[in-house]
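Okay, structure first, notes after.
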Amino acid sequence: MFGGMSLEAPITWCLCFKPKLKTNTTNMQPPLKSRSRSRQGYTTTVTNAMALAFEVLGRFNRARAARLTLPHHVCQTPLFMPVGTQGTIKGLTNSQLEDIGCQIILGNTYHLALRPTSELLDEVGGLHKFMNWQRGLLTDSGGFQMVSLLHLADITEKGVTFQSPVDGKPMLLTPEESIEIQNRIGADIIMALDDVVKTTITGPRVEEAMYRTLRWIDRCIAAHKRPHDQNLFGIVQGGLDPILRDICAKGLVERNLPGYAIGGLSGGEDKNSFWRVVAQCTAALPEHKPRYVMGVGYPLDIVVCSALGADMYDCVYPTRTARFGTALIPEGVLKLKHKAMADDTRPIDPTCPCMVCKNYTRAYIHCLVTKDAMGSQLLSYHNLYYMLQLSRNLHSSIVEGRFPEFVCDFLHKMFPKGDVPEWVCDAMEVAGIDISSCCAPFSSCEEYDSKSMPEEVSLAR
Ligand SMILES: [Zn+2]
Numbered sequence: 001m002f003g004g005m006s007l008e009a010p011i012t013w014c015l016c017f018k019p020k021l022k023t024n025t026t027n028m029q030p031p032l033k034s035r036s037r038s039r040q041g042y043t044t045t046v047t048n049a050m051a052l053a054f055e056v057l058g059r060f061n062r063a064r065a066a067r068l069t070l071p072h073h074v075c076q077t078p079l080f081m082p083v084g085t086q087g088t089i090k091g092l093t094n095s096q097l098e099d100i101g102c103q104i105i106l107g108n109t110y111h112l113a114l115r116p117t118s119e120l121l122d123e124v125g126g127l128h129k130f131m132n133w134q135r136g137l138l139t140d141s142g143g144f145q146m147v148s149l150l151h152l153a154d155i156t157e158k159g160v161t162f163q164s165p166v167d168g169k170p171m172l173l174t175p176e177e178s179i180e181i182q183n184r185i186g187a188d189i190i191m192a193l194d195d196v197v198k199t200t201i202t203g204p205r206v207e208e209a210m211y212r213t214l215r216w217i218d219r220c221i222a223a224h225k226r227p228h229d230q231n232l233f234g235i236v237q238g239g240l241d242p243i244l245r246d247i248c249a250k251g252l253v254e255r256n257l258p259g260y261a262i263g264g265l266s267g268g269e270d271k272n273s274f275w276r277v278v279a280q281c282t283a284a285l286p287e288h289k290p291r292y293v294m295g296v297g298y299p300l301d302i303v304v305c306s307a308l309g310a311d312m313y314d315c316v317y318p319t320r321t322a323r324f325g326t327a328l329i330p331e332g333v334l335k336l337k338h339k340a341m342a343d344d345t346r347p348i349d350p351t352c353p354c355m356v357c358k359n360y361t362r363a364y365i366h367c368l369v370t371k372d373a374m375g376s377q378l379l380s381y382h383n384l385y386y387m388l389q390l391s392r393n394l395h396s397s398i399v400e401g402r403f404p405e406f407v408c409d410f411l412h413k414m415f416p417k418g419d420v421p422e423w424v425c426d427a428m429e430v431a432g433i434d435i436s437s438c439c440a441p442f443s444s445c446e447e448y449d450s451k452s453m454p455e456e457v458s459l460a461r
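The UniProt record's numbering puts the first residue of the sequence shown at 1, with every later residue one more than the last.
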């Protein structure tokens, strides 16, 4: 119950939807035999059908580089997924996204279900056809968007109840409906509806959310109609509590899902807590399945998480920060709005081979960012190129056996004075990577804190 709004008879999210599932789907591999089992407290059907292949091509301690074969694309991990809220990355065409090596786009189920609606997407053969994107797609469950965007949202055992942004009526998104909508959208990877609480929240609510997430995964599995061409990922919750994270990871692994996500991070927790949760979860998740850290997109975070054994990332940060006039460069960020850029005739990053850096100066983009949408489009292009190139460099350095050198080079450029944050030093020690050559002796280990980066802090996902 919230805001004086009666929730006694919420309208279901897809009340008017008719099941209409396509059969012309691609089977990645024949389904293995399903089996059922009973356990105390719950009964679940375990299906081994999955629509992906995950082949590890190289390792360095916990870090791995893999080939992830999805129904629509063969990907290389580690990989970064740009967020295309309504089936588009703002300001970039599909051919540009292909040119810069984008492998998977993330679509927000909540936004897609409102417009163009999942019915229409189903009618036209799914989001791939609608947006004419030939490569991988991933959709989220929709629940996080509701809880984060709509203040009048509430979570009960049934699902996420919220006030319709269209007509103000109470509506309900259940695990079953989230999966049904995602089945209509047709992405290669779909996400279970989970009960997300901010990592800054403590107490019994965290435990409640974790157990509810485990109960909901069985409802998601049961509702999933396309396991042979869509991969359902479960999401490990449990806040910053290692015991709860452990219970959740084990519970999800028992369900034998095609892949797993580490959720609930990038919610304002300190970086020390952040990397420890990632390290714990990657260690608890299967070696032969992809591991996706949700909402993570700062370059430094991606390097650290990859060293700890994570494979996939998404974040609005590179494109969001571009719209604020900020470029990602090896040294950190470059603010193109700054008056010092007005007569700077160098490219954004002289070492970057992207189309923007080859053709435009900082001075030119400085003029545009304050006056023309083209400015943020060019910056989005460069920033996504930077993230995708970072992904490729992570992959190739692991495969070629030079991952520690790559990490040291990355850190040296970002922290030329050797003031590598202490949490990075601690994480790399656990990852078994010696970064002493890029840390200053007796370094103060200044705390790198995403809060010190303006405008994007809470926009991680
Ligand atoms: Zn560039």
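Ideal Cβ positions, reconstructed from N, Cα and C, are used throughout, including at glycine. This one's a predicted model, so the numbers in the text were calculated from it and none came from an experiment.
For residue i, which residues does DSSP report across the bridge?
{"i": "tyrosine 260", "result": "Gly234 and Arg291"}
{"i": "alanine 53", "result": "Thr69"}
{"i": "valine 333", "result": "Leu328"}
{"i": "leucine 106", "result": "Val83 and Leu138"}
{"i": "alanine 63", "result": "Phe60"}
{"i": "proline 170", "result": "Gln163"}
The beta strand (DSSP E) with residue i in it runs from where to where?
{"i": "phenylalanine 403", "result": "Unbroken run through phenylalanine 403 is the alpha helix (DSSP H), 403 to 414; no beta strand (DSSP E)."}
{"i": "residue 462", "result": "The structure shown has nothing for residue 462, since the chain only spans 1 to 461."}
{"i": "isoleucine 155", "result": "153 to 155"}
{"i": "tyrosine 313", "result": "312 to 315"}
{"i": "isoleucine 189", "result": "189 to 191"}
Under three-state DSSP, which class holds residue i?
{"i": "threonine 161", "result": "strand"}
{"i": "lysine 371", "result": "coil"}
{"i": "proline 441", "result": "coil"}
{"i": "proline 175", "result": "helix"}
{"i": "cysteine 75", "result": "strand"}
{"i": "proline 204", "result": "helix"}
{"i": "serine 266", "result": "coil"}
{"i": "tyrosine 386", "result": "helix"}
{"i": "isoleucine 185", "result": "helix"}
{"i": "glutamate 429", "result": "helix"}
{"i": "glycine 143", "result": "helix"}
{"i": "glutamate 400", "result": "coil"}
{"i": "histidine 228", "result": "coil"}
{"i": "threonine 199", "result": "coil"}
{"i": "tryptophan 194", "result": "A quick correction: the sequence has aspartate, not tryptophan, at residue 194. DSSP places aspartate 194 in coil when its eight states are reduced to three."}
For a quick check, are the C-beta atoms of residue i and residue j less than 7 Å apart?
{"i": "threonine 156", "j": "glycine 268", "result": "no"}
{"i": "leucine 127", "j": "glycine 186", "result": "yes"}
{"i": "alanine 63", "j": "histidine 228", "result": "no"}
{"i": "alanine 66", "j": "phenylalanine 54", "result": "yes"}
{"i": "methionine 312", "j": "glycine 263", "result": "no"}
{"i": "arginine 226", "j": "glutamate 176", "result": "no"}
{"i": "aspartate 167", "j": "threonine 161", "result": "no"}
{"i": "glycine 125", "j": "histidine 72", "result": "no"}
{"i": "leucine 388", "j": "glycine 87", "result": "no"}
{"i": "isoleucine 190", "j": "glutamine 230", "result": "yes"}
{"i": "threonine 139", "j": "glycine 159", "result": "no"}
{"i": "glycine 239", "j": "valine 206", "result": "yes"}
{"i": "proline 318", "j": "asparagine 383", "result": "yes"}
Should residue i be flagged as near chain D, meaning a C-beta pair shorter than 7 Å?
{"i": "threonine 174", "result": "Among the protein chains of the structure shown there is no chain D, as only one such chain exists."}
Can you name the start and end residues of the alpha helix (DSSP H) that residue i belongs to?
{"i": "methionine 341", "result": "Taken as a continuous stretch (DSSP letters only), methionine 341 belongs to no alpha helix (DSSP H), as it is neither H nor E."}
{"i": "proline 350", "result": "No alpha helix (DSSP H) holds proline 350; DSSP gives it neither H nor E."}
{"i": "residue 502", "result": "Given that the chain is displayed from residue 1 to residue 461, the structure contains no residue 502 and the question cannot be resolved."}
{"i": "serine 436", "result": "Serine 436 -> no alpha helix (DSSP H), and no H or E assigned at all."}
{"i": "valine 278", "result": "271 to 284"}
{"i": "isoleucine 243", "result": "242 to 254"}
{"i": "asparagine 94", "result": "94 to 99"}
{"i": "histidine 128", "result": "127 to 131"}
{"i": "aspartate 122", "result": "118 to 123"}
{"i": "lysine 358", "result": "355 to 359"}
Taking 8 Å as the threshold, find out whether the stretch 72 to 91 comes into contact with the stretch 304 to 314 through three or more Cβ pairs.
The count of Cβ pairs closer than 8 Å, one atom from the stretch 72 to 91 and one from the stretch 304 to 314, reaches three, so the stretches are in contact.
Assess, as a yes-or-no matter, whether the stretch 89 to 99 is touched by the stretch 424 to 434 under the definition of 3 or more beta carbon pairs within less than 8 Å.
Contact fails: fewer than three Cβ-Cβ distances are below 8 Å.
Determine contact between the stretch 313 to 332 and the stretch 376 to 387, defined as no fewer than three beta-carbon pairs at a distance below 8 Å.
Remark: three or more beta-carbon pairs, one from each stretch, lie closer than 8 Å, so the stretch 313 to 332 and the stretch 376 to 387 are flagged as touching.
At a cut of 8 Å, does the stretch 398 to 411 reach the stretch 363 to 372 through at least three beta carbon pairs?
Counting Cβ pairs under 8 Å, fewer than three are found: no touch.
With a cut-off of 8 Å, do at least 3 Cβ pairs link the stretch 281 to 293 to the stretch 205 to 221?
In short, these stretches do not touch, since the Cβ pair count stays below three.
So does the stretch 108 to 119 actually touch the stretch 143 to 150, counting three or more Cβ pairs closer than 8 Å?
Yes, the stretch 108 to 119 touches the stretch 143 to 150.
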